[in-house]
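These notes are about the structure you will find just below.
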Amino acid sequence: RPVVTRPETQAIDMNSRSNTLADREIVPSDQTFGFLGLGMMGSTIVKDLIYTGHKVVVWNRTIDKCQPFVEAGAEVKDTPMDVVEAADVIFCCVSDPKGAKDLVFGNCGVLQLKDLNNKAYVEMSTIDPETSLDIGEGIKQCNGRYLEAQIHGSRQDAADGMLIILAGGDRTVFEDCHSCFKTIAKNTFFLGNVGNACKVNLILQTILGVSMVGLAEALALADRFSISLKDIIDIFDLTSMRSPMLLAKGKEMAKGDFNPQQPLSHMQRDLRLVLNMAENLDQSMPVTSITNEVFKHTKRLGYSEHDSSAVFGYCKA
Ligand code: NA7
């Protein structure tokens, strides 16, 4: 087994701004926005929301991560329920479906409030359609409005304000979020009912995961032949197969630089969600199944917190 060191956790730079913000005329909504989850994605998004003049109330499980946001002007609350009390629109952006459900249905969770009084809840964590339907139903039963707003893009895309928002559910919430989405995304799609945006997001992740393993396997073969990976990538760049994502990932693989833009554990989570979704439909997905196994094994080698491109580590081993 190769010895794998964990990637360094980068502190959020509260002074950095995406270049794109200067070109966007953003008139901040006068509503109060709650934000649950200040991981890499959440903190980057909140930083820009504060910068563009939104009033923000935050909560994070590890409370220390809230401090830079207090200094930037956000209010901090002790529990998700407290955030909901203080805000009109509440975003959630945590690691996985279980975390997303805990924040809604758990102790001190959103639904402890019983009457949400038409407040809006926006789920940004990557989740499967069933989880989204459950959360949406819970919110609606407590007189709230629900939108799934899945974020497609890397951590760098978030830092650049270049995410793509895929939304489904209550259209009035989608409209309430207009100035927030304009701050963080280059494109926003409303895809209809709850569940649709989750499906589209996971389908896009399938394309990404399968492509990444194909690239890693091919580059590992080149490496065995001692062919320069740089040459392969330069030639690949001239072909009709070229894509910005595959080029970027190929360069990372060649350098062995797996700085997490989209952590490998998130990619494997998404493939697992895709396969569960397909299982319910009896849809055969042999290539995705194998891709999932490759990512699972790469996790076991210690690359969970590295970028998904670290799958090259498995292919080379
Ligand atoms: P990170 O940087 O790994 O951050 C994960 C966040 O989720 C972080 O704030 C965690 O809190 C929080 N988390 C995880 N599990 C829980 C539970 N059970 N309860 C409460 N909070 C939790 O991920 P990213 O920011 O890159 O991505 C977040 C989502 O955006 C993800 O779904 C992507 O697909 C899209 P912690 O700080 O560890 O206390």
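Note that the sequence shown covers residues 291 to 607 in UniProt numbering. Yeah, the Cβ is synthetic: ideal placement off N, Cα and C, and Gly gets one too. Treat the numbers as computed from the prediction; the structure is a model and nothing was measured.
- Closest in alpha carbon position to N491, among R514, G458, V463, is G458.
- The C-beta distance from V379 to D466 rounds to 6 Å, short enough to meet the 8 Å contact threshold.
- Between V463 and the set E413, I417, V360, the nearest pair of CA atoms involves E413.
- Closest in C-alpha terms to K520, from the list V500, M502, M543, comes M543.
- Rounded to the nearest angstrom, the Cβ distance from V601 to M502 is 6 Å, consistent with a contact under 8 Å.
- With respect to the 9 Å criterion, G499 and L311 are not classified as neighbours on the basis of their beta carbons.
- For T322, the closest of A376, M304, T352, P297 by C-alpha to C-alpha distance is A376.
- Judged by pairs of C-beta atoms under 8 Å, the segment 575-583 does not touch the segment 533-542, as fewer than three such pairs exist.
- The beta strand (DSSP E) runs of length 3 or more contained entirely in the segment 317-371 are, from start to end of the chain, 322-326, 345-349.
- E438 is bridged by DSSP to E413, G458.
- Judged by DSSP in its simplified three-state form, K606 adopts helix.
- For A410 and V400, the gap between their C-alpha atoms comes out near 11 Å.
- Assignment of beta-bridge partners to N433 by DSSP yields no partner.
- When M330, A362, Y436 are compared, the shortest CA-CA separation from N407 is found for Y436.
- The criterion of a C-beta distance shorter than 9 Å is satisfied by L453 and H442.
- If you ignore the 5 residues before and after V317, its C-beta comes within less than 8 Å of the C-beta of S469, all in its own chain and listed in chain order.
- At least one heavy atom of the ligand NA7 is found less than 8 Å from the C-beta of G327.
- Under the three-state reduction of DSSP, T478 is assigned to strand.
- The residues A506, E507, A510, in chain order, have a CB closer than 7 Å to that of C605 in the same chain once the five nearest residues on each side in sequence are set aside.
- Taking the Cβ of N350 as the reference point, at least one heavy atom of the ligand NA7 falls within a distance shorter than 8 Å.
- Taking C-beta separations shorter than 7 Å and ignoring five residues to either side along the sequence, Q357 has no partners in its chain.
- Going by C-alpha positions, S422 is about 43 Å away from I525.
- The Cβ neighbour count for G363, taken over all protein chains shown within 10 Å, is under 16; the residue is labelled exposed.
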